[in-house]
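Peer 1: Structure provided below as structure tokens; questions to follow.
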Ligand code: 6GU
């Protein structure tokens with residue numbers, strides 16, 4: 672699957688994906704990350720990208736022409752890319768959305784805007800808008816990388832062990848249960864006895880109960896609502 676990114680900072684996308692499982696998937700040809708520099712599409716001798724907001728106010732706004740030209744140039748090569756504007760005003764990225772995007776085999780085109788904003792008319796040029804959370808980043812680049820990382824690991828062949836994905840969706844929407852590895856006792860803290868018991872039914876029950884308890888304490892907003 673191809674991830675294209677339109678960005679003022681294409682070099683940001685080089686090192687983060689080199690190592691790890693995504694790096695390996697890139698070498699294997701399963702995943703490709705293709706940044707496209709926005710600057711050459713800028714206007715005039717100075718390759719201007721942004722300008723002052725109509726109506727006044729602080730901060731600069733990205734002009735529609737360079738973004739539109741860049742989107743059209745990439746789409747001319749890959750007409751089926753699903754276009755996503757990365758913006759704090761977009762729909763929040765969650766695992767359900769990540770799963771949905773992982774099915775878009777024709778690839779994604781992520782447009783990294785700057786925080787102060789892009790001209791409203793650019794919205795007509797994209798298929799959807801996505802945010803990675805309720806906090807401020809100066810640009811959409813890191814948000815695009817988060818999205819790529821989350822989506823790429825769901826693509827068949829990227830993750831070493833496909834069962835870990837099934838377990839993630841099995842625990843659908845809840846936080847993970849507590850995990851332990853060796854040693855059995857560390858600084859007086861013991862691994863729960865049930866995990867050493869070899870009773871797989873009991874272990875499954877314990878993990879499900881712990882996942883629910885932990886989610887209720889830490890993230891009550893994630894507990895599925897009862898239909899009344
Ligand atoms: Cl997608 N962009 C920016 N600039 N800030 C964000 C974001 C995106 N998601 C959360 N904060």
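Numbering (the numbering used here), first residue to last: 672 to 899.
Just so you know, even glycine gets a beta-carbon here, dropped at the ideal spot from N, CA and C.
Predicted model, so just to flag it, every value in this text is computed and none were measured.
1. DSSP three-state label for residue 673, please.
2. In chain order, which continuous runs of the alpha helix (DSSP H) of length 4 or greater are located wholly inside the stretch 754–836?
3. State the CB to CB distance for the pair residue 881 and residue 848, rounded to an integer number of angstroms; the pair is presumed to be in contact (CB under 8 Å).
4. State whether the stretch 781–799 contacts the stretch 718–735, with contact taken as three or more CB pairs (one from each stretch) at a distance under 8 Å.
5. Opposite residue 857 in the DSSP bridges: which residues?
6. Within the continuous beta strand (DSSP E) that includes residue 706, where are the two ends?
7. List the whole-angstrom C-beta distance separating residue 757 from residue 713, where the pair is believed to meet the contact cut-off of C-beta under 8 Å.
8. How would you call residue 852, buried or exposed, if buried means at least 16 neighbouring beta carbons within 10 angstroms?
9. So is residue 807 buried or exposed if we call it buried at 16+ other beta carbons inside 10 Å?
10. Check whether the Cβ of residue 683 lies closer than 7 Å to any heavy atom of the ligand 6GU, and answer yes or no.
11. With distances taken Cα to Cα, identify the nearest neighbour of residue 791 among 734, 869 and 889.
12. Put residue 846 into one of helix, strand or coil per three-state DSSP.
13. CA-CA distance, residue 835 and residue 819?
14. Would you list the residues sitting across from residue 732 in a DSSP beta bridge?
15. Count the other CB atoms, across all protein chains shown, that sit within 10 Å of the CB of residue 699; report buried if there are 16 or more and exposed otherwise.
16. How far does the alpha helix (DSSP H) with residue 886 in it extend, from its first residue to its last?
17. Against chain C, does residue 712 count as a neighbour if the rule is that its beta carbon must be under 8 Å from one of theirs?
Peer 2: This is what the structure holds:
1. Taking the first residue of the chain shown as 1, we reach residue 673 at position 2. The three-state secondary structure of residue 673, taken from DSSP, is strand.
2. 766–773 and 812–823
3. Stepping through the chain shown from its first residue, residue 881 is reached at position 210. Stepping through the chain shown from its first residue, residue 848 is reached at position 177. Confirmed, Cβ separation roughly 4 Å.
4. yes
5. Counted from its first residue, the chain shown places residue 857 at position 186. DSSP, once it has assigned bridges, lists 860 as partnering residue 857.
6. Here residue 706 refers to the residue found at position 35 of the chain shown. Run containing residue 706: 703–708, per the beta strand (DSSP E) assignment.
7. To locate residue 757, count along the chain shown from 1; it is residue 86. To locate residue 713, count along the chain shown from 1; it is residue 42. In fact, because the Cβ distance is near 19 Å, the residues do not count as touching under 8 Å.
8. Counting from 1 along the chain shown, the entry for residue 852 is found at position 181. So residue 852 counts as exposed.
9. The residue given as residue 807 occupies position 136 in the chain shown. Exposed, because fewer than 16 other Cβ atoms sit within 10 Å of the Cβ of residue 807.
10. Position 12 of the chain shown, counted from the start, is the residue given in the question as residue 683. No, since every heavy atom of the ligand 6GU falls outside the 7 Å radius drawn around the Cβ of residue 683.
11. Residue numbering aside, residue 791 sits at position 120 when the chain shown is read from its first letter. For residue 791, the closest C-alpha among the options 734, 869 and 889 is that of 734.
12. As a position in the chain shown, residue 846 is number 175, starting the count at 1. Of the three classes helix, strand and coil, the one that applies to residue 846 here is coil, per DSSP.
13. Position 164 of the chain shown, counted from the start, is the residue given in the question as residue 835. Position 148 of the chain shown, counted from the start, is the residue given in the question as residue 819. Rounded to whole angstroms, residue 835 to residue 819 spans 18 Å at the Cα level.
14. The count along the chain shown starts at 1 and reaches residue 732 at position 61. Residue 732 is bridged to 722.
15. To locate residue 699, count along the chain shown from 1; it is residue 28. Result: exposed.
16. Taking the first residue of the chain shown as position 1, residue 886 is located at position 215. It spans 871–889 - the alpha helix (DSSP H) in which residue 886 sits, taken as one unbroken run.
17. The structure shown has no chain C; it contains just one protein chain.
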